[in-house]
Ligand code: ADP
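Residue numbers (full-length UniProt numbering): 1 to 199.
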């Protein structure tokens, strides 16, 4: 059984995922996979170098992500090309890692679970919910980036309402007490263990 854990930037996905890890649950993080498929030696990176040239690499041979981002930012064709390369690679690697995971149920952490159409592949959608103000405040505190950048990222993600409308389960992370969050995680964990046994 795969649980899809999602939420907007700064909603607390990583915080909540770590609580499930403490309970022995295996996690696959789509953001981590997105970096793994372009690590040195991968087919993904080789194709990117073929397409954009060696200058897309940093001095140490890794992908210069900032440069790639700026290249595709204003070039729809380049962006479409990159997406058609990366999306299948990421999807394949996500499900390969999930297949190897051994816990009684598994969690796929994906900020864009809904946006990228991954909802069909998971048994339940778990949404981490906070207010927009809290998203901005907590992301600012974590990353120190500007409110404008954070607002742009929030605008490119589905709205809080739409996300909640797709949820099977919701963790309310509006409280500053992580103990309260942990209690919600433990209750869901029991529920998921039962479901996994019946499935
Ligand atoms: P995401 O992975 O969804 O982007 P994080 O788990 O990194 O979000 O959380 C964003 C920031 O907010 C982190 O610095 C985290 O420590 C903090 N945070 C998470 N939950 C809470 C909470 N309930 N109260 C206060 N800060 C929180």
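Just so it is clear, CB atoms sit at the ideal spot from N, CA and C, and this is done for glycine as well.
These numbers come from a predicted model, not from an experiment.
A direct Cα-to-Cα measurement between residue 197 and residue 36 gives close to 32 Å.
Within its own chain, the residues whose Cβ lies closer than 7 Å to the Cβ of residue 64, once the five positions on either side in sequence are excluded, are 56, 57 and 58, listed in chain order.
For residue 106, the enclosing beta strand (DSSP E) begins and ends at 106 to 109. DSSP places residue 6 in the uninterrupted beta strand (DSSP E) bounded by 2 to 6.
In the three-state scheme derived from DSSP, where H, G and I count as helix and E and B as strand, residue 28 is classed as strand.
Straight through space, the alpha carbons of residue 88 and residue 53 are spaced by roughly 22 Å.
Per the C-alpha coordinates, the member of 190, 166 and 144 positioned closest to residue 125 is 166. In this structure, residue 53 has its CB at a distance of at least 6 Å from all heavy atoms of the ligand ADP. The C-beta of residue 149 has fewer than 16 other C-beta atoms within 10 Å across all chains shown, which makes the residue exposed. Residue 128: not part of any alpha helix (DSSP H); member of the beta strand (DSSP E) spanning 124 to 129, first to last residue. In this structure, residue 3 lies near residue 107, with their beta-carbon atoms less than 7 Å apart. Distances taken from the Cβ of residue 65 to the heavy atoms of the ligand ADP include none shorter than 6 Å.
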